[in-house]
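**Student:** Taken in order, these protein sequences are the chains called A and B. Numbered continuously in the UniProt record's numbering, the first sequence closes out at residue 312. Numbered continuously in the UniProt record's numbering, the second sequence closes out at residue 312. Glycine included, every Cβ here is placed at the ideal spot set by N, Cα and C. Mind having a look at this structure? Questions to follow.
2 protein chains.
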Amino acid sequence: MTVSRVLNAPENIHPATLAKVRAAIDSTGYVPNSAAKALRSSRSRLIAAVLPTLTGPIFLDTIEALAAGLARRGYQLIVGQSGYSDDKEDELLTDIISRRPDGIVLTGVGHSEEGRRRLLASGIPVVETWDLTEQPLDVLVGFSHEAVGREVSRFLVSRGRRKLALIGADDQRSQRRWSSFARSARAQGLAQPVAHFVPAPAKLADGRQALRAVLAQHRDIDALFCSSDSLAFGALVEARAQGIEVPRQLAVVGFGDLNFADQLEPALTTVRVDGPRIGELAAHCIVSRALGQPLDERIVDVGFSIVERSST
Amino acid sequence: MTVSRVLNAPENIHPATLAKVRAAIDSTGYVPNSAAKALRSSRSRLIAAVLPTLTGPIFLDTIEALAAGLARRGYQLIVGQSGYSDDKEDELLTDIISRRPDGIVLTGVGHSEEGRRRLLASGIPVVETWDLTEQPLDVLVGFSHEAVGREVSRFLVSRGRRKLALIGADDQRSQRRWSSFARSARAQGLAQPVAHFVPAPAKLADGRQALRAVLAQHRDIDALFCSSDSLAFGALVEARAQGIEVPRQLAVVGFGDLNFADQLEPALTTVRVDGPRIGELAAHCIVSRALGQPLDERIVDVGFSIVERSST
DNA sequence: TTGTATGCGTTATCAT
DNA sequence: ATGATAACGCATACAA
Numbered sequence: 001m002t003v004s005r006v007l008n009a010p011e012n013i014h015p016a017t018l019a020k021v022r023a024a025i026d027s028t029g030y031v032p033n034s035a036a037k038a039l040r041s042s043r044s045r046l047i048a049a050v051l052p053t054l055t056g057p058i059f060l061d062t063i064e065a066l067a068a069g070l071a072r073r074g075y076q077l078i079v080g081q082s083g084y085s086d087d088k089e090d091e092l093l094t095d096i097i098s099r100r101p102d103g104i105v106l107t108g109v110g111h112s113e114e115g116r117r118r119l120l121a122s123g124i125p126v127v128e129t130w131d132l133t134e135q136p137l138d139v140l141v142g143f144s145h146e147a148v149g150r151e152v153s154r155f156l157v158s159r160g161r162r163k164l165a166l167i168g169a170d171d172q173r174s175q176r177r178w179s180s181f182a183r184s185a186r187a188q189g190l191a192q193p194v195a196h197f198v199p200a201p202a203k204l205a206d207g208r209q210a211l212r213a214v215l216a217q218h219r220d221i222d223a224l225f226c227s228s229d230s231l232a233f234g235a236l237v238e239a240r241a242q243g244i245e246v247p248r249q250l251a252v253v254g255f256g257d258l259n260f261a262d263q264l265e266p267a268l269t270t271v272r273v274d275g276p277r278i279g280e281l282a283a284h285c286i287v288s289r290a291l292g293q294p295l296d297e298r299i300v301d302v303g304f305s306i307v308e309r310s311s312t
Numbered sequence: 001m002t003v004s005r006v007l008n009a010p011e012n013i014h015p016a017t018l019a020k021v022r023a024a025i026d027s028t029g030y031v032p033n034s035a036a037k038a039l040r041s042s043r044s045r046l047i048a049a050v051l052p053t054l055t056g057p058i059f060l061d062t063i064e065a066l067a068a069g070l071a072r073r074g075y076q077l078i079v080g081q082s083g084y085s086d087d088k089e090d091e092l093l094t095d096i097i098s099r100r101p102d103g104i105v106l107t108g109v110g111h112s113e114e115g116r117r118r119l120l121a122s123g124i125p126v127v128e129t130w131d132l133t134e135q136p137l138d139v140l141v142g143f144s145h146e147a148v149g150r151e152v153s154r155f156l157v158s159r160g161r162r163k164l165a166l167i168g169a170d171d172q173r174s175q176r177r178w179s180s181f182a183r184s185a186r187a188q189g190l191a192q193p194v195a196h197f198v199p200a201p202a203k204l205a206d207g208r209q210a211l212r213a214v215l216a217q218h219r220d221i222d223a224l225f226c227s228s229d230s231l232a233f234g235a236l237v238e239a240r241a242q243g244i245e246v247p248r249q250l251a252v253v254g255f256g257d258l259n260f261a262d263q264l265e266p267a268l269t270t271v272r273v274d275g276p277r278i279g280e281l282a283a284h285c286i287v288s289r290a291l292g293q294p295l296d297e298r299i300v301d302v303g304f305s306i307v308e309r310s311s312t
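This is the structure:
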């Protein structure tokens, strides 16, 4: 008990005792046991994050900022990969809930019914990220993928493009950008855009192959929206290989504004999302919730912007 | 107690009891408490990983494979960022040790004396990665950065290059590649190579700026070794901007073989390391150690290869 | 086949 | 200012 006090409330301890206990701690290499602490206090100082994949460069900035923000606030981060699969996410969720984290940060808002139930039943605070919905589980930090699809299609039309195409990954958020992109194009009087999907996570080489496939069927497209900068990079490479001039014959828009986007030839027009901001906000929100502190807003829309460069 | 048995050893439970308990579990949403389990059994099923940064694309494949490998084996991963700083690593280690993970995976072998002491005192199995040393703390999965520096210099000399330069990040491993690169160049009768360092983690833009700085002083260099593909990408961009032909006037070698390396113009010659293999091996080793199983080898050298493309 | 007692390391609470 | 007791949820050892 005295040791506990020395560590947690040294102010009311006799200096001599303090010194003696600290000496003992040093000489024995004593380190308190967080599991016992958590068991006794029902506070684990652990936050869990569920991500589709750790390698997706898009989420990376967010995780890094999240990890840093949590560390700064005295929390540790436990990560799980759902691999873009609902079943995997549900399994993971059970494991995670058994750890009794003080909070859970999810990527996206599309969870299985079972997953939603378990999360709500656990009573653990949840922050969903990288997406927007009217009915979040709890707190939400993200932006609208529908708005992205719509704005990109309007942007392309405003630049005089008429034959739109899209290369996307088969994950939920990319699909929603696609739906909105297509709907908006039709609303503006264009034909239904061409689409080609590749398995997530999409790699550069997928972009090359995908554009090749699209061009084989639809040589007349004049604008291409790629659901990631990596895909766009691949598309630029393929366009050059096929002698298609970008942007004269084909406008290309990416997603993510990864650090190579402005160095490509031509520099890539892309959708920029403030990943670190999402991570930092998520850290703030989840910790506030964990401490039972009130939150200004339950839904934070961080927005996005279209960074216009020479590929359009 | 019966609930515990239903969950962990259902074979000796009366079918009726089994059904009753399971129904109760379902209806109440009971999820076992890992902290209590850990406290009782001294086995947390938790592995901690310490990384310089989560965004370094180099380690990413390793972390992903590590996370996947651990999940497959029923372990969860807790991550911490040391930010290339010893002090931060030591702080982190204390937090980590207090969690009583069943194992710790470290990046690199350069830890502070204090850190080494704490790790050894904790008795927690440790796997060091991405480096090689004669005296690992425990298990090691990596490769020799000295060998990388040496082999790249030999490679460049064998291709007729005589005025070597290096652009590196100021992290330990990059520095060791540099020392060896320089030593080997001198041993081959060349002058001391030119070097320029940028703060880790190095970004593409740093590569541009660094090459500009090097060229301002040493216009006559004919070969450049960059300590990451991102830096090399930036260097290629700058070389083109300055009208320097690669590889005719300047050979460029990267490190990492990131997925864009073969798509650059010219395609980048680079050092390839099997990141996923390191992660998977680390998962295997740390779990074996955690279970007290014997290990074939304590030191695994996964090696590296120089992938020759058109930038040299 | 099921149940009871006990202790893992911590801290809230109540003595002293 | 310090110590004693109890309880967090689980699983080992033992009993029935």
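Could you give the first and the last residue of the continuous alpha helix (DSSP H) run that contains B/Arg289?
**Tutor:** That run of the alpha helix (DSSP H) goes Gly275 to Ala290.
**Student:** Which value, in whole angstroms, describes the spacing of the CA atoms of A/Ala195 and A/Gly234?
**Tutor:** C-alpha separation (whole angstroms): 16 Å.
**Student:** How many angstroms separate the CA atom of A/Val3 from the CA atom of A/Pro10?
**Tutor:** Straight-line Cα distance between these residues: approximately 9 Å.
**Student:** In terms of residue numbering, what span does the beta strand (DSSP E) encompassing B/Arg272 cover?
**Tutor:** Element bounds for B/Arg272: Thr269 to Arg272.
**Student:** What residues of chain B sit near A/Val97, judged by a beta carbon separation below 7 Å?
**Tutor:** Contrary to the premise, residue 97 of chain A reads as Ile rather than Val in this sequence. Val31, listed in chain order.
**Student:** Is there a Cβ of chain B sitting closer than 9 Å to that of A/Gly69, yes or no?
**Tutor:** Judged by the 9 Å Cβ criterion, A/Gly69 is not in contact with chain B.
**Student:** Using Cβ-Cβ distances below 9 Å, what residues of the region 109-140 of chain B are close to chain A?
**Tutor:** Cβ contacts with chain A come from Arg117, Arg118, Ala121 and Ser122.
**Student:** Using 10 angstroms around the beta-carbon of B/Ile299, count the other beta-carbons present and answer buried if the total reaches 16, otherwise exposed.
**Tutor:** So B/Ile299 counts as exposed.
**Student:** By the three-class DSSP mapping on this structure, what secondary structure does B/Ile111 have?
**Tutor:** According to the sequence shown, residue 111 of chain B is His rather than Ile. Of the three classes helix, strand and coil, the one that applies to B/His111 here is coil, per DSSP.
**Student:** Along the chain, where does the beta strand (DSSP E) that runs through A/Gly207 open and close?
**Tutor:** Segment Leu204 to Gln217 is the alpha helix (DSSP H) holding A/Gly207; no beta strand (DSSP E) there.
**Student:** Rounding to the nearest angstrom, what Cα-Cα distance links A/Arg183 and A/Gln192 in this structure?
**Tutor:** A/Arg183 and A/Gln192: Cα-Cα distance of roughly 8 Å.
**Student:** Roughly how many angstroms separate the alpha carbons of residue 315 of chain A and A/Leu140, rounded to a whole number?
**Tutor:** Shown here, chain A extends from 1 to 312; a query on residue 315 of chain A therefore has no answer.
**Student:** Taking just the CA atoms, how far does A/Ser230 sit from A/Lys203?
**Tutor:** The straight-line gap from Cα to Cα measures roughly 6 Å.
**Student:** So A/Ile299 contacts chain B; which residues on that side make the cut at Cβ distance below 9 Å?
**Tutor:** The contacting residues do not exist; A/Ile299 stays about 26 Å from chain B at best.
**Student:** Considering Cα atoms alone, identify which of B/Arg208, B/Arg40, B/Glu265 and B/Gly254 is closest to B/Ser305.
**Tutor:** For B/Ser305, the nearest C-alpha among the options comes from B/Gly254.
**Student:** Under 7 Å Cβ-Cβ, which residues of chain B neighbour A/Asp61?
**Tutor:** Within 7 Å Cβ-Cβ: Thr55.
**Student:** Tell me, to the nearest whole angstrom, how far the beta carbon of B/Ser311 is from that of B/Val252; I am working on the premise that it is less than 8 Å.
**Tutor:** The Cβ separation is near 4 Å, so the contact holds.
**Student:** Between the region 16-43 of chain A and chain B, which residues of the former have a C-beta closer than 7 Å to a C-beta of the latter?
**Tutor:** For the region 16-43 of chain A, which is checked against every Cβ of chain B, the residues closer than 7 Å are Gly29, Val31, Pro32, Asn33, Ser34, Ala35, Ala36, Ala38 and Leu39.
**Student:** Can you name the residues of chain A whose CB is closer than 8 Å to the CB of B/Leu204?
**Tutor:** The answer, in chain order, is Asn259, Phe260 and Gln263.
**Student:** Determine the direct distance from the alpha carbon of A/Gln175 to that of A/Ile167, and round the result to whole angstroms.
**Tutor:** Approximately 10 Å between the Cα atoms of the pair.
**Student:** On the CB-based measure, 16 or more other CB atoms within 10 Å of its CB, does B/Ser85 come out buried or exposed?
**Tutor:** By the 10 Å Cβ count, B/Ser85 comes out exposed.
**Student:** Under the three-state reduction of DSSP, which class applies to B/Leu140: helix, strand or coil?
**Tutor:** It is a strand residue.
**Student:** Threshold first: 3 residues or longer. Then list the beta strand (DSSP E) segments lying entirely within the region 219-268 of chain A, N to C.
**Tutor:** Counting whole runs of 3 or more residues, the region 219-268 of chain A contains the beta strand (DSSP E) stretches 223-226 and 251-255.
**Student:** Looking only at DSSP bridge pairs, what is B/Val46 linked to?
**Tutor:** Position check: residue 46 of chain B holds Leu in this sequence, whereas Val was assumed. Answer by DSSP bridge pairing, in chain order: B/Gln76.
**Student:** Closer than 8 Å to a non-hydrogen atom of the ligand MG - does that hold for the CB of A/Val105?
**Tutor:** The ligand MG is not among the ligands present in this structure, which contains no ligands whatsoever.
**Student:** Output yes if chain A places a C-beta closer than 9 Å to the C-beta of B/Leu77; else output no.
**Tutor:** For B/Leu77, the answer is yes, since a Cβ of chain A falls inside 9 Å of its Cβ.
**Student:** Among the residues of its own chain, which have a CB less than 8 Å from the CB of A/Asp138, if the five just before and after it don't count?
**Tutor:** Correct list, in chain order: Pro125, Val126, Val127, Glu128, Arg289 and Arg298.
**Student:** What is the C-beta distance between A/Ser153 and A/Leu164, in whole angstroms, given that I count them as a contact (C-beta under 8 Å)?
**Tutor:** So it is a contact: roughly 6 Å between Cβ atoms.
**Student:** B/Thr94 touches chain A at which residues, Cβ-Cβ below 8 Å?
**Tutor:** Residues of chain A passing the Cβ test: Val31.
**Student:** Can you tell me the Cα-Cα spacing of B/Gln188 and B/Phe155, whole angstroms?
**Tutor:** About 11 Å.
**Student:** Please state whether the Cβ-Cβ distance between B/Ala147 and B/Pro276 is less than 9 Å.
**Tutor:** The answer is no: Cβ separation not under 9 Å.
**Student:** Should A/His145 go down as buried or exposed, given a rule of 16 or more other Cβ atoms within 10 Å for buried?
**Tutor:** So A/His145 counts as buried.
**Student:** Could you compute how far the alpha carbon of A/Asp95 sits from the alpha carbon of B/Gln293?
**Tutor:** The straight-line gap from Cα to Cα measures roughly 24 Å.
**Student:** For A/Ala169 versus A/Ser227, is the C-beta spacing smaller than 9 Å?
**Tutor:** Yes, Cβ-Cβ distance for A/Ala169 and A/Ser227 is below 9 Å.
**Student:** Looking at chain A, is there any beta carbon in it that lies within less than 9 Å of the beta carbon of B/Leu211?
**Tutor:** Taking Cβ atoms only, chain A never reaches closer than 9 Å to B/Leu211, which makes this a no.
**Student:** For B/Phe304, does the three-state DSSP call read helix, strand or coil?
**Tutor:** Here B/Phe304 sits in coil by DSSP.
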